[in-house]
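To start, the structure itself, in structure tokens.
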Amino acid sequence: MPEVTKGVFFIPGQDEFIPDSHVYVIGNPGDYSIVDAGLMGKGGYKLQSLEKMGIRKEEIKRVIMTHTHLDHIGCLNEIRRQMDWLELWVHEKEAAPLEEGDERTVYGMDMFKGMCQMQYGLKPGDFKFKVDRKLQGGETLELGGMSWEVFHIPGHSAGCIALYYRPEKILIPGDTVYADFSIGRFDLHGAEAKALMDSLQRLGELDVDVLLPGHNRIVKGVSPGYIKKTAAQWGPYLK
Ligand SMILES: [Zn+2]
Ligand SMILES: [Zn+2]
277 MPEVTKGVFF IPGQDEFIPD SHVYVIGNPG DYSIVDAGLM GKGGYKLQSL
327 EKMGIRKEEI KRVIMTHTHL DHIGCLNEIR RQMDWLELWV HEKEAAPLEE
377 GDERTVYGMD MFKGMCQMQY GLKPGDFKFK VDRKLQGGET LELGGMSWEV
427 FHIPGHSAGC IALYYRPEKI LIPGDTVYAD FSIGRFDLHG AEAKALMDSL
477 QRLGELDVDV LLPGHNRIVK GVSPGYIKKT AAQWGPYLK
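Structure (structure tokens):
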């Protein structure tokens, strides 16, 4: 599986009728973090991908969620069945609902919830988790010898974060901004168009060379001003 750059690995999502989020693995031997997990049923091949990359399970310490939508957190239970020591790190805004068993953010909307529960045999409470570390914007995480900055970027959901590795200008923005001038949807539970615009503008201030979004293609050699341009294009819809 591709190593994007030293200490950053990419496991592409395998979309079905619902998308499956990409997984990024960051860190170094002995201390790796998984960023996002993916959709239900998509844990197995991700674990196999890790093995193929030569990363042993024991070296993986935690899962950091960019946000807690079903396509990102759906297979966390599967992964944890094989790695029960994995810590879960989530922004505080989505940590509280997860701990209370409030699954509105996970499913996004009621109609979708009913559909997914039927399709996947999910039950209420399947996404109730203890959160080991509640993240905040503005902090820096020391992860396997790399310093990743946390940005709280609400809009797509209330507790979205981006992770930024300044030395190599790598941005992991979850579903807030993708390649090809697209952005995350802003009609689900906890979403807010104006906040999304604000978040895009803040991300637009960062120098980004490598964009590693939650879906679709990754971009190396991002053109200068790309996120600002994306924000400007969406301006009329994000008021
Ligand atoms: Zn999402
Ligand atoms: Zn997603």
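In terms of my numbering, the sequence shown opens at residue 277 and continues consecutively.
For every residue, glycine included, the Cβ atom is placed at its ideal position computed from N, Cα and C.
These figures come from a predicted structure and were not determined experimentally.
| Check | Outcome |
| --- | --- |
| Can you tell which of Val498, Ile294 and Asp474 has the C-alpha that lies nearest to the C-alpha of glutamine 393? | Ile294 |
| Is the stretch 448-459 close to the stretch 401-418, with three or more CB pairs under 8 Å? | no |
| Measuring CA to CA, which of Ala372, Lys404, Lys337 and Pro400 is closest to aspartate 360? | Lys337 |
| Since I believe leucine 514 is in contact with alanine 469 (beta carbons under 8 Å), could you give me their beta-carbon distance rounded to a whole number of angstroms? | 5 Å |
| At what residues does the alpha helix (DSSP H) containing histidine 348 begin and finish? | 346-349 |
| Per DSSP, what are the beta-bridge partners of methionine 422 in this structure? | Leu419 |
| With a threshold of 8 Å (Cβ to nearest heavy atom), would serine 499 be considered close to ligand 1? | no |
| Using a 10 Å radius around the Cβ and a threshold of 16 neighbouring Cβ atoms, would you call proline 489 buried or exposed? | buried |
| Determine the contact status of valine 280 and isoleucine 494, defining contact as a CB-CB distance below 9 Å. | yes |
| Between the Cα of histidine 345 and those of Lys504, Leu374 and Glu444, spot the shortest distance and give me the residue it belongs to. | Leu374 |
| With a threshold of 8 Å (Cβ to nearest heavy atom), would histidine 348 be considered close to ligand 1? | yes |
| Would the stretch 318-325 and the stretch 349-356 be scored as touching if the rule is three or more Cβ pairs under 8 Å? | yes |
| When you compare each of Arg357, Asp485 and Ile503 to glycine 518 by their alpha carbons, which one comes out closest? | Not covered by the structure: residue 518. The range shown for the chain is 277 to 515. |
| Report the option in Arg409, Pro443 and Asp408 whose CA atom is closest to the CA atom of serine 423. | Pro443 |
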